[in-house]
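Working notes for the structure below.
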Amino acid sequence: MKTPTLLLLGCGKMGGALAQGWMDSQHPPQLLILDRKLQKAPGNALIYRKIQEIPSDIKPDLIILAVKPAMAEEMITALKTHLGDKMAQSALLSVMAAKSCAQLAHMSGNEATPVIRTMPNTPASVGAGAIGMYFSPHVTEDQKLLAKKLMGQVGEVVIVPHEDDLRSVIAVSGSSPAYVFLLAELLERTGIELGLEQTVARKLARTMIYGAGKMLHDLDDDATTLRENVTSPNGTTAAALHVLMDEKNWPRTIRLASQEAVRRAKELDH
Ligand SMILES: NC(=O)c1ccc[n+]([C@@H]2O[C@H](COP(=O)([O-])OP(=O)(O)OC[C@H]3O[C@@H](n4cnc5c(N)ncnc54)[C@H](OP(=O)(O)O)[C@@H]3O)[C@@H](O)[C@H]2O)c1
1 MKTPTLLLLG CGKMGGALAQ GWMDSQHPPQ LLILDRKLQK APGNALIYRK
51 IQEIPSDIKP DLIILAVKPA MAEEMITALK THLGDKMAQS ALLSVMAAKS
101 CAQLAHMSGN EATPVIRTMP NTPASVGAGA IGMYFSPHVT EDQKLLAKKL
151 MGQVGEVVIV PHEDDLRSVI AVSGSSPAYV FLLAELLERT GIELGLEQTV
201 ARKLARTMIY GAGKMLHDLD DDATTLRENV TSPNGTTAAA LHVLMDEKNW
251 PRTIRLASQE AVRRAKELDH
């Protein structure tokens with residue numbers, strides 16, 4: 001595969017994580033970044049502050065949208081004016097939580113523009129993202145391969161067959177790192193209430209989450225088996241799980257939280 005040319009629009013938290021992962025890889029792409037405040041480019045990537053500064057003769061294989069969804073239309077329109085017909089040779093790859101393939105293709109002025117939508121999460125910034133990916137019908141096999149390879153450099157890629165599935169991805173892995181961070185906060189607070197030093201409670205909570213995550217990642221056992229393995233009958237864990245697993249507690253709460261995330265994702269699409 002020849003070295004791909006990528007144009008990254010927005011290099012904040014998510015765009016920055018992607019750019020770093022790509023430039024740290026064995027075969028870095030040719031990367032052009034549009035960002036108004038990025039100070040230092042990863043590797044030998046080039047930074048531009050305004051669309052008009054980007055060389056107008058570039059032919060990017062992928063144009064990556066990593067700005068807030070509200071900025072997308074303005075950016076695509078300005079890029080279309082700047083690159084003209086050359087933009088038609090590129091696929092759009094969006095990491096935005098909102099804006100459908102049809103909306104993005106429409107913004108590009110060509111309903112047949114190939115669009116790849118991905119839903120990464122913040123662990124992508126440490127190379128451990130969980131990434132949902134959907135291809136519009138116009139995406140070629142080469143573009144699919146390139147997108148899977150690039151996103152695979154910052155995490156595990158899962159292809160979903162329907163665009164609507166990306167909303168479920170938001171609920172299961174997109175928003176949920178925050179639930180785990182909340183769990184860390186709550187366990188730390190509980191530890192303090194039970195008399196531990198704050199530094200001790202914090203260390204225990206964070207290390208536990210890392211260790212449990214590593215077991216889920218490294219071992220083949222399913223989560224139910226891992227849970228049962230640490231639950232002795234009538235033991236301390238069984239007592240705690242009796243509270244958490246009551247239908248009105250965690251099962252209901254997680255379901256409600258996920259439904260809210262999906263509802264908000266739908267709202268943001270409009
Ligand atoms: N952060 C996450 O965990 C996460 C996870 C999954 C998906 N996403 C998606 O990723 C997208 C980006 O999120 P983010 O958290 O990375 O946002 P962010 O940190 O605000 O990054 C966007 C960057 O683009 C720059 N930018 C925006 N408009 C520009 C323009 N017209 N010209 C030049 N630079 C411009 C911003 O500069 P200014 O700050 O000056 O505007 C900022 O540096 C969102 O659509 C979000 O849905 C994020």
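Quick note: this note's numbering has the sequence shown finishing at residue 270, numbered continuously throughout.
In this text, a Cβ means the ideal position worked out from N, Cα and C, and glycines have one as well.
Where the alpha helix (DSSP H) through residue i begins and ends
{"i": "Ile254", "result": "250-269"}
{"i": "Leu204", "result": "198-218"}
{"i": "Ile192", "result": "177-193"}
{"i": "Ala223", "result": "223-229"}
{"i": "Cys11", "result": "Cys11 -> no alpha helix (DSSP H), and no H or E assigned at all."}
{"i": "Met245", "result": "Segment: none, Met245 is in no alpha helix (DSSP H) and carries neither H nor E."}
Burial state of residue i, where buried means 16 or more other Cβ atoms lie within 10 Å
{"i": "Thr81", "result": "exposed"}
{"i": "Met133", "result": "buried"}
{"i": "Lys59", "result": "exposed"}
{"i": "Pro4", "result": "buried"}
{"i": "Gly211", "result": "exposed"}
{"i": "Thr113", "result": "buried"}
{"i": "Glu74", "result": "exposed"}
{"i": "Lys214", "result": "exposed"}
{"i": "Asn121", "result": "buried"}
{"i": "Gln39", "result": "exposed"}
{"i": "Val126", "result": "exposed"}
{"i": "Lys99", "result": "buried"}
{"i": "Gly155", "result": "buried"}
{"i": "Ala219", "result": "Note that residue 219 is Leu in the sequence shown here, rather than Ala. Exposed is the call here."}
{"i": "Leu104", "result": "buried"}
{"i": "Leu9", "result": "buried"}
Residue i, enclosing beta strand (DSSP E) - first and last residue
{"i": "Met119", "result": "115-119"}
{"i": "Ser25", "result": "First-last for Ser25: undefined, no H or E at that position."}
{"i": "Ile131", "result": "129-135"}
{"i": "Ile63", "result": "62-65"}
{"i": "Ser168", "result": "First-last for Ser168: 165-169, but that is the alpha helix (DSSP H), not the beta strand (DSSP E)."}
{"i": "Gln89", "result": "Premise fails: Gln89 is in no beta strand (DSSP E) and is neither H nor E."}
{"i": "Gln30", "result": "30-34"}
Whole-number beta carbon distance between residue j and residue i, since they are thought to touch under 8 Å
{"i": "Leu166", "j": "Met119", "result": "5 Å"}
{"i": "Gly191", "j": "Ala178", "result": "No, Gly191 and Ala178 are not in contact; Cβ-Cβ is about 20 Å, not under 8 Å."}
{"i": "Ala66", "j": "Met23", "result": "No, Ala66 and Met23 are not in contact; Cβ-Cβ is about 15 Å, not under 8 Å."}
{"i": "Leu187", "j": "Ala205", "result": "4 Å"}
{"i": "Gly174", "j": "Ala97", "result": "7 Å"}
Own chain, CB closer than 8 Å to residue i, minus 5 neighbours either side, in chain order
{"i": "Val158", "result": "Ala130, Ile131, Gly132, Met133, Val169"}
{"i": "Arg49", "result": "Leu34, Asp35, Arg36"}
{"i": "Pro251", "result": "Met245"}
Simplified DSSP state of residue i, which is helix, strand or coil
{"i": "Gly155", "result": "strand"}
{"i": "Gln39", "result": "coil"}
{"i": "Thr81", "result": "helix"}
{"i": "Ser5", "result": "The sequence given here has Thr at residue 5, not Ser. Looking at Thr5 - three-state DSSP - the assignment turns out to be strand."}
{"i": "Ala112", "result": "coil"}
{"i": "Ser94", "result": "strand"}
{"i": "Ile58", "result": "coil"}
Contacting residues, own chain, Cβ-Cβ under 7 Å from residue i (five flanking each side not counted)
{"i": "Gln83", "result": "In the sequence as presented, Gln is not what sits at residue 83; that position holds Leu. Ser56, listed in sequence order."}
{"i": "Phe135", "result": "Ile116, Lys144"}
Contacts around residue i, its chain only, beta-carbon distance under 6 Å, and the 5 residues preceding and following it disregarded
{"i": "Ile51", "result": "Ala78, Leu79, His82"}
{"i": "Pro69", "result": "Met96, Ala98, Lys99"}
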